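What the sequence shown shows, in my numbering, is residues 2 to 297, in sequence order. Notes follow the structure.
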Amino acid sequence: MRQAEMQTEYSDQFVTELQHKIRLLEQSNSELVAKNLFYEEAIHHLEQNIAELTETDVLRELIDEISHDLRLPLSTITNYLYLLKHTEHSETSQRYLAVMDRQVSYLTDVVNNLIHMARLDLDITQFDVKLSQPNQILQDVVDALQPVASEKGQVISIDVEPGLPPMLVDNVKITRAVMNIVQNAITYTPAQGRIDVRSSVDRGGYIVIEIADTGIGICPDDLPHIFDRFYRVNRTSGENGSVGLGLAITKRIIENHRGRIEVESVINSGTVFRIFLPTLAALSARNTRPLGDASG
Numbered sequence: 002m003r004q005a006e007m008q009t010e011y012s013d014q015f016v017t018e019l020q021h022k023i024r025l026l027e028q029s030n031s032e033l034v035a036k037n038l039f040y041e042e043a044i045h046h047l048e049q050n051i052a053e054l055t056e057t058d059v060l061r062e063l064i065d066e067i068s069h070d071l072r073l074p075l076s077t078i079t080n081y082l083y084l085l086k087h088t089e090h091s092e093t094s095q096r097y098l099a100v101m102d103r104q105v106s107y108l109t110d111v112v113n114n115l116i117h118m119a120r121l122d123l124d125i126t127q128f129d130v131k132l133s134q135p136n137q138i139l140q141d142v143v144d145a146l147q148p149v150a151s152e153k154g155q156v157i158s159i160d161v162e163p164g165l166p167p168m169l170v171d172n173v174k175i176t177r178a179v180m181n182i183v184q185n186a187i188t189y190t191p192a193q194g195r196i197d198v199r200s201s202v203d204r205g206g207y208i209v210i211e212i213a214d215t216g217i218g219i220c221p222d223d224l225p226h227i228f229d230r231f232y233r234v235n236r237t238s239g240e241n242g243s244v245g246l247g248l249a250i251t252k253r254i255i256e257n258h259r260g261r262i263e264v265e266s267v268i269n270s271g272t273v274f275r276i277f278l279p280t281l282a283a284l285s286a287r288n289t290r291p292l293g294d295a296s297g
């Protein structure tokens, strides 16, 4: 009798231990399954990232090839036009050459803008970031465009706040962004008009660049869309108008520098663009990168 009880007790103990081991095995198996799913997902993301990087490399090469294929013939045509313009021709021929020259110049701008926008979209634009003085950038823009405005009898004034703190920016790209806006102001401001370029710093530590003109203004219906790519504002000035990329590129450049751009306009009174760019101190306070993903 005692022996039977011992056997029963031993059997129960064995079953208990076996069940415990089975539970441990099941737990381990669940953990292995979970880890396997985790690693599978990680591998899947890694493969996606590799594919995206490969696609970006392919697109980068494609853009480089397209850039070369488009710019080379345009450059050749421009050079031959230059030679023809400086060769003796009849008055009619000279007029035709002048028209061709303007059209080639316009087409070159379109190609350059398309390529620049494509590079910004793919985030493959290289940034040469350094400490820059905002007032010097504005002065360079005004100096470059002063002759263009003078030809139209316009006045460009510059009023900058002295001693502004430096910005950590790509000088060339910010200069281009500001120049795009000032060029637009010249284009859409009648003869004898005025363009004012100003700078200051706000309480948040942002440099404020303001470009105000006495031009024809922008229709309220157009204002929400002027930074959309390929959007052409219904303003008639110049022979070719615009392909609608200049302001889109400007906005992307500003946003890539952690800034923003605003616009106000009144028909037949003028337009004011305001660019807000963080100073080095503002970037440090926010603990954010100055360039790259504009969503951060």
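Heads up, the beta-carbon is just placed ideally off N, CA and C, and yes, glycines get one too. All figures in this text were calculated on a predicted structure; none of them were measured in a lab.
Nearest to VAL264 by C-alpha distance, out of SER76, SER200, GLY164 and ILE182, is ILE182. Between the alpha carbons of GLU211 and ILE227 lies a gap of roughly 17 Å.
Of the residues LEU165, PRO279 and GLY247, the one whose Cα lies closest to the Cα of ARG261 is PRO279. Judged by DSSP in its simplified three-state form, ASP229 adopts coil rather than helix or strand. Note that the C-beta distance between THR251 and ALA150 is not below 8 Å. Residue pairing by DSSP places ILE196 opposite ILE157 and ASP214 in a beta bridge. 8 Å or more divides the Cβ of ASP222 from the Cβ of THR176. The same chain holds no residue with a CB closer than 7 Å to that of PRO163 once the five nearest residues on each side in sequence are set aside.
Exclusion of the five residues before and after GLN155 leaves ILE187, THR190, ALA192, GLN193, GLY194, ARG195 and ILE196 as the residues of its chain whose Cβ lies within less than 8 Å of its Cβ.
Remark: C-beta atoms of GLY218 and ILE268 approach each other more closely than 8 Å. Within 10 angstroms of the beta-carbon of ASN185 lie 16 or more other beta-carbons, which makes it buried.
Rounded to the nearest whole angstrom, the CA to CA distance from LEU108 to MET101 is 10 Å.
Comparing alpha-carbon positions, the option among GLN104, TYR97, ASN136 and PRO167 lying closest to SER200 turns out to be ASN136. In the DSSP assignment, ASP144 falls within the alpha helix (DSSP H) that extends over 135 to 152. In the DSSP assignment, the residues bridged to GLY271 are VAL267.
Less than 8 Å separates the beta-carbon of VAL198 from that of VAL143. When DSSP states are grouped into helix, strand and coil, ASP223 belongs to the coil group. Here the alpha carbons of VAL173 and ALA282 stand approximately 21 Å from one another. Under the three-state reduction of DSSP output, TYR97 falls in the helix class.
Looking only at PRO148, CYS220, ILE159 and SER91, the smallest Cα-Cα distance to SER270 is reached by CYS220.
Contact annotation: LEU169 and LEU139 have beta-carbon atoms that are not nearer than 8 Å.
For the pair ALA213 and SER91, the Cα-to-Cα distance works out to about 43 Å. If you check the CB distance, ILE78 and VAL112 do not come in under 8 Å. Secondary structure at ARG259: coil, using DSSP grouped into helix, strand and coil. ASN80 and LYS153 have their alpha carbons spaced roughly 27 Å apart. Inter-residue distance for ILE159 and GLY205 is about 23 Å (C-alpha atoms, whole angstroms). DSSP lists PRO279 as the beta-bridge partner residues of TYR207. Per DSSP, reduced to three states, the secondary structure at LEU169 is strand. Here the alpha carbons of THR93 and MET180 stand approximately 34 Å from one another.
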